[in-house]
Amino acid sequence: MATPEEIQLLEFSGKDSDELEQFISAVLKHAFAQDKQRDDAWIAKFTATCLAEDALRWWMGLDKKTQKSWNLLRRAMALEYQPLFRGESGQEAEKFVQTVNRRAREAGKQGDNRWIMEFVSTSLAGNALTWYSSLDRSVRAEWVLFQKATFAQYPREDGLDSPPSKFSIIPTPAAAGPITRPPNGTKRGRIRLFTESGFVQYYISKKLTTYGFFCVTNSLDDALEVEHDGNPKDLKPLSIRQ
C-alpha cells in the first residue's frame, strides 16, 4: 500500500521540471510494483489519472496517440515542462547542465547539437538569459562551448571549480612535471576579464604574442593558471607559452 508521501508524488500539477522528475520516478516505481513496467498503454492510462490543474488541461489538448502511449507522453511532458535556469548559483548551473544532458539522452538527441542548443535557449530566465544574449554567436551555437562558458560565469561557491590542468612549470626543464593540487592555504584559479556590460567573456591567456605581450582568450583550456598563498597581490603564474 502506498504511503501518503508516495500518494502525493503520484500527482502532477505542472508546477515545474523538478516536480515532473519526481512524478515520473513515482509513476515508474508504481508500475514496477504492479508488474506493469513494460505495459506502455497501462502506464499512460494510469498517468492520466494522476494529472491535475495545468498539467491536466495540457494533457487534454494532446493528440490521442500521445495520450495513449507512455513513451510518447513522457517525451511530450519533458518538452513542455523544461528546466529553467536563472543563473543564481554554481550549483544551479551544474544541475542545469546535468538536466539538459539527461533530457537530450531521453529524447535520443544526445548527439544533436542544434536540438540541445534550441532546448537551452528556451530554458533560460533572469540573469542567465541576459548573460546568454551577450555571448558570442559561436558559444550560443555549440553545447560544449556553452557548458564551459556557463561554468566560468557561474562557478561553485565552495570553490570546487574544474580540476586544475596538468601544465608544466616553465622556469627550468629540471623543474618540469605535472602540477599537483595546491597545498593547504594556497588558492589556484584563472584571471577573468569583465566587459563594460559586466559579463565574463574572456581570460588572460597563457600564450604570449610574438612581441611578448599578454593576450586574452575565451577558452578555459588556453587560460593562464595562477596561484597565491592568501594574498591575491602575490600571484604566481603556473604556465606561460610563447
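First residue of the sequence shown? That's 107 in the working numbering, and the numbers climb one at a time after it.
Quick reminder that beta carbons are idealized off the backbone N, C-alpha and C, glycines included.
Predicted model, so just to flag it, every value in this text is computed and none were measured.
Per the coordinates, the alpha-carbon of Lys174 lies some 24 angstroms from the alpha-carbon of Arg208.
By the neighbour-count definition (other C-beta atoms within 10 Å, threshold 16), Ala161 is a buried residue. Lys293: member of the beta strand (DSSP E) spanning 293 to 296, first to last residue. Assigned with DSSP and collapsed to three states, Lys312 falls in strand. Contact between Gln188 and Thr228 holds: CB atoms are separated by about 6 angstroms, below the 8 angstroms threshold. Ranking Lys215, Ala132, Ala147 by CA distance to the CA of Trp249 puts Lys215 first.
Put simply, the backbone Cα of Ala150 is about 28 angstroms away from that of Gly217. Contact between Arg211 and Ile130 does not hold, since the beta-carbon distance rounds to 14 angstroms and is not under 8 angstroms. For the set Arg262, Ala255, Lys293, Asp145, the Cα lying nearest the Cα of Thr323 is the one of Ala255. Taken in chain order, the complete alpha helix (DSSP H) segments of 4 residues or longer contained in the segment 122 to 186 are 123 to 139, 146 to 154, 159 to 166, 170 to 173, 176 to 186. A residue is called buried when at least 16 other Cβ atoms come within 10 angstroms of its Cβ; Glu331 meets this threshold and is buried. Take the alpha-carbon of Thr172 and the one of Ala182: they are about 8 angstroms apart.
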